[in-house]
Amino acid sequence: MLEVPTSGFMGIGAKGAKVEVTLIDKSDEIAKDFLKDVLKTMGINALISVDFDEEDNNMFIKLDLDNMGILIGKHGQTLDSLQYLTSLVVNKNSEEYIRVILDINNYREKRKTTLENLADKLADKAIRRRTNVELEPMNPYERRIIHSYLQGREGITTYSVDEGINRHLIIEYKG
49 MLEVPTSGFM
59 GIGAKGAKVE
69 VTLIDKSDEI
79 AKDFLKDVLK
89 TMGINALISV
99 DFDEEDNNMF
109 IKLDLDNMGI
119 LIGKHGQTLD
129 SLQYLTSLVV
139 NKNSEEYIRV
149 ILDINNYREK
159 RKTTLENLAD
169 KLADKAIRRR
179 TNVELEPMNP
189 YERRIIHSYL
199 QGREGITTYS
209 VDEGINRHLI
219 IEYKG
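Add 48 to the 1-based position in the sequence shown for the working numbering, that's all there is to it.
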């Protein structure tokens with residue numbers, strides 16, 4: 049209580065109490081409930097854990113389940129879609145934007161390692177052959193991984209071309 053109420057004199061000059069109210073952020077519960085409903089509808093049982101980084105306003109959601117392929121999809125497309133939908137639900141009534149990162153059985157870390165290995169091989173190929181190397185279309189998350197990983201590497205540069213689902217990376221040889 050910030051200020052105690054006063055009754056004043058015969059009701060004149062009366063002041064109400066001033067209290068500080070803190071709303072408890074339930075965005076983690078909203079995310080869990082949404083994912084439980086979606087997974088239940090799909091007939092999938094999963095262990096859901098949520099970690100929240102208040103400094104960066106990031107919500108990390110991990111799903112542990114047996115049959116992960118159906119929820120990950122080709123190159124993580126289904127996972128990305130589920131992450132997007134979860135983000136919409138979490139941010140619907142949120143005052144500040146919360147970045148939602150959804151992962152299943154550590155797929156994103158494994159995919160990052162795979163993409164970094166691919167980036168190494170293709171960068172070496174560009175340098176060895178003294179030519180540009182064009183990658184397959186990727187989502188923004190995967191393109192960012194490769195851009196960041198190869199940033200500052202001698203002899204090459206990276207940039208994205210095309211639009212929408214056809215957007216992809218070029219590893220350019222700089223001779």
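Backbone N, C-alpha and C define an ideal beta-carbon position, used for all residues, glycine too. From a predicted model like this one, the values you see are computed outputs, not experimental measurements.
DSSP beta-bridge partners for residue i?
i      : result
Val98  : Ile109
Leu198 : Its beta-bridge partners do not exist; DSSP assigns none.
Tyr207 : Ile218
Glu182 : Ile218
Asp76  : The partner list for Asp76 (beta bridge, DSSP) is empty, contrary to what the question assumes.
Arg156 : None, per the DSSP bridge assignment.
Thinking C-alpha only, which one of the options is nearest residue i?
i      : options                          : result
Val86  : Leu170, Ser97, Ile146 and Leu133 : Leu133
Gly223 : Glu202, Ser208 and Tyr207        : Glu202
Leu111 : Gly124, Asn93, Arg215 and His216 : Asn93
Thr126 : Asn187, Glu143 and Lys84         : Asn187
Arg191 : Leu83, Lys84 and Lys160          : Lys160
Lys158 : Gly124, Asn141 and Phe82         : Gly124
Glu102 : Glu144, Tyr155 and Thr206        : Glu144
Lys140 : Leu150, Phe82 and Val209         : Phe82
Leu150 : Asp114, Phe100 and Arg178        : Phe100
Asn154 : Ile204, Asp104, Phe108 and Lys84 : Phe108
Leu198 : Leu183, Asp168 and Arg176        : Asp168
Leu200 : Lys80, Tyr221 and Asn105         : In the sequence under discussion, the amino acid at residue 200 is Gly, which differs from the Leu named in the question. Comparing Cα-Cα distances from Gly200 to each of Lys80, Tyr221 and Asn105, the minimum goes to Tyr221.
Ile204 : Tyr189, Asn106, Ser97 and Arg176 : Arg176
Here's the rule I'm using: 16 or more other beta-carbon atoms within 10 Å means buried, otherwise exposed. How should residue i be labelled?
i      : result
Ser75  : buried
Leu170 : buried
Ile219 : buried
Ile146 : buried
Ile60  : exposed
Tyr207 : exposed
Gln131 : buried
Arg178 : exposed
Leu217 : buried
Quick one: what's got a C-beta closer than 6 Å to residue i's C-beta in the same chain, skipping five residues either side?
i      : result
Val181 : Leu170, Lys173, Ala174 and Ile219
Ile193 : Lys160 and Leu163
Ser135 : Val148
Whose C-beta lies closer than 8 Å to the C-beta of residue i among residues of the same chain, with five residues either side of it excluded?
i      : result
Ile213 : Pro185
Asp104 : Arg147
Output needed for residue i: all residues of its chain with C-beta closer than 7 Å, excluding positions within five of it in sequence on either side, in chain order.
i      : result
Ile78  : Val137 and Val138
Gly121 : Leu127
Ser142 : Ser75
Nearer than 6 Å: is that true of the beta carbon of residue i relative to any heavy atom of the ligand MN?
i     : result
Ala79 : Absence of the ligand MN from the depicted structure is noted, as is the absence of any ligand whatsoever, leaving it without description.
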